Amino acid sequence: MSIKISIGRGITLGCLSCLSIVLPAVTFTAWADTGPVTWQKNNSPVETMITGGPWTLEQSGAANGLKSSGYCDANGNQIGNPGTQRMQPYYFPVIVGEGNNLQGYFDWRPKDTDEAVVAANSTDGGYTWNFQQKVLELRTTCPTNVQADPDGDKDNSPDPNNSDNGNDDGQGHSYVALVNGHTYLYTLNRAAGHIDSDPLIIHDLSPTASLPLGSNLPALSDVANPPLQTKGLMNPDGILATIPGTSPLKVIYEQKILSGDNTGATALPVSQQCATTWASYYKANGGLAANDDITYLRLATTTDGITFTDVGPLKGLNDPTTVAANGTRWVATAGTVIQLANGKYGLLYSGGSCIDADSDSFHYIGYAESADLLNWTVINGFDNPIASVAPVTLSLTAGVPVASGGQTQTIPANPAVVGNTMGWFAGRVYGPSATRVDANNITLVFAGYHTPKPKNGLGDYRTIGRVSLHSSVGLGVVGQPGYSASAYAQSCLFDWAEAYYPSLFSPSGASTQTSSAYNYRYYKASNSYVGVSTSNSHVYYQGPDGVIQDVGSLTGWLTTAKCQ
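In mature numbering (1 follows the signal peptide of the UniProt record, and there is no 0), the protein residues as written are -32 to -1, 1 to 532.
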């Protein structure tokens, strides 16, 4: 069934709260429950490029594997990206927007040297990015720590092209969300003794189009004096998603319990620990160190973006007790929630198993669906992933490697949706951040490593890639399509309207909501709506008579309200 509604000639809608704010000549289609999404690739994954910004791996020969080649000049100053280079070392992408116009937030993290939050935008659907800002940098000093020489010691002379600063533990896992009129940047404090035990740090931004991270954040990180911190989240490793249009706002975040499977109340039997069941495999593969962390994705709610109420762990995505090679033991912080046109939710996520010896959950990008955000059914998992690291063939008994007598099994068992694994994500693939292209297509931006550990591939790690995917089911909201660097300006406009037209918009202080490609506020007392379309950048108003009016361009109103 299709319902065609043409707005702009005084048409009255019977249920604006069902449809939110609507554009002229939009066709809404009511899909039947057509079952789970089948994803197909529209093209092959490619590495993205960035113009400007901080140091990149290949700008001065760093891609030859030297840890800090070209990082600083002779005067001890950092050397930035001199032109357009592969987007390395960037990862944990958080991408918002729609179509070709995207706003990105990234974790820039040279191995053992530095870390910062970087903003960049794209006008070609994520193929190329233009640097905008770098904030909360861990340090600006040049790397001086001597690296081990071929015989394993450190008796070689200092080498400015092959040194580090000892660690890269700054503020990471950034996530930007519009909550009740505030634009919040959430970060993880990676410092030893604080990571995955402290609350997340909250920065209240005042973004503009040219400064999407605002002008009030410090250039250098100061985790000792956080401006705000979350309350109520359990061992948070970061926020994966906020769900537009929910009230109170629903949030998915990751809980990570460090060393949880062999210590304290969460300790598991040795038969359910990777350290024991995979000991022989780890020894035979370079002495891999077992990981004992426990991870869950959890649902929470919030009204202010600061205090959260935990609802419980998401079910069906992972099993912290599995030791099977193709069993998802761990799930990661980053991902994307998709509101499908059939009323269900989709989730792009990443996962991993004992085979990875790492709770960072980077073996594959998967997809799952849910009707309630708590109970999930995996559609694309370990053996039929959206994307996967390099395939591996093992001899297994009960899912665990054995020296002889096992059954040969290749993981993944079936080709990934995006096609063959490429070298730049052969070691890690994770952090899927999707944006809507149209009713059936998305742009998927993600991170890849050439090797599982950066130390084994210093010339090719933390790479931002992109691919386009087609959905068999109609797409509603993908991630946060209504949010952009102009969200603060729109919030400013709504606040101005409340103050300037109190009889039209009351009571004041209504929360900003997102539905489809629109940001809006509803005022119960005056029974009115005001909203902005991100598709045509016009402002819309509906009063108690139910008539939607296009009241002009957003740019004009921002000028009038002095919100630019």
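Don't be surprised by glycine CBs; every beta carbon is placed ideally from N, CA and C.
Since the structure is predicted, the reported quantities are computational estimates derived from the model, not experimental observations.
- Its Cα nearest to that of N11, the residue L437 stands out among A465, S178, L437, Y497.
- For S501, the enclosing beta strand (DSSP E) starts and ends at 496 to 501.
- If you look at S521, you'll find it in the beta strand (DSSP E) that goes 516 to 521.
- For the pair F276 and P195, the Cα-to-Cα distance works out to about 17 Å.
- In the structure shown, T234 adopts helical secondary structure according to DSSP, grouped into three states.
- For the pair A467 and V515, the Cα-to-Cα distance works out to about 23 Å.
- Taking a cut-off of 8 Å for Cβ pairs, the region 406 to 417 and the region 360 to 368 do not touch, as fewer than three such pairs fall below it.
- In the three-state reduction of the DSSP assignment, K423 falls in the helix class.
- For secondary structure counted as the beta strand (DSSP E) over 3 or more consecutive residues, the region 347 to 376 holds these complete runs in sequence order: 360 to 365.
- Taken through DSSP and simplified to helix, strand or coil, K530 comes out as coil.
- Within the region 205 to 269, the runs of alpha helix (DSSP H) that reach at least 4 residues and sit entirely inside it are, in chain order, 242 to 245, 247 to 252.
- Counting along the chain, N89 sits inside the beta strand (DSSP E) bounded by residues 84 to 90.
- Distances from the CA of T151 to each of A336, L185, S131, G395 were compared; the closest alpha carbon is that of L185.
- In this structure, the beta-carbon distance from W392 to E15 falls below 7 Å.
- Within the same chain, L34, K35, S36, S37, Q115 come within 8 Å of N130 by CB-CB distance, once the 5 residues on both sides are set aside.
- Taking the Cα positions, S401 is about 13 Å away from G416.
- Between D205 and R489, the alpha-carbon positions lie close to 31 Å from each other.
- Collapsing the DSSP output to three states places S439 in a strand.
- When C-alpha distances from A300 are compared across N310, G51, D287, L265, the shortest belongs to L265.
- For K9, the uninterrupted beta strand (DSSP E) run begins and ends at 7 to 9, by DSSP.
- Sixteen is the threshold: when 16 or more other Cβ atoms of the shown chains lie within 10 Å of the Cβ of G499, as they do, the residue is buried.
- A residue is called buried once 16 or more other Cβ atoms fall within 10 Å of its Cβ, and A355 is buried on that count.
- Under the 10 Å beta carbon count, N124 is surrounded by fewer than 16 other beta carbons and is classified as exposed.
- DSSP places R396 in the uninterrupted beta strand (DSSP E) bounded by 396 to 406.
- Residues L282, K283, G284, L285, L315, A336, E337, S338 of the same chain have their beta carbon placed closer than 8 Å to that of W344, with the five preceding and five following residues left out of the count.
- Taking a contact as a CB-CB distance under 8 Å, the pair Q240 and P180 does not count as one, their CB atoms being some 44 Å apart.
- DSSP places Q100 inside the beta strand (DSSP E), whose first and last residues are 96 to 103.
- H141 places its beta carbon less than 7 Å from that of F60.
- In the DSSP annotation of this structure, N45 is not part of any beta strand (DSSP E), being labelled neither H nor E.
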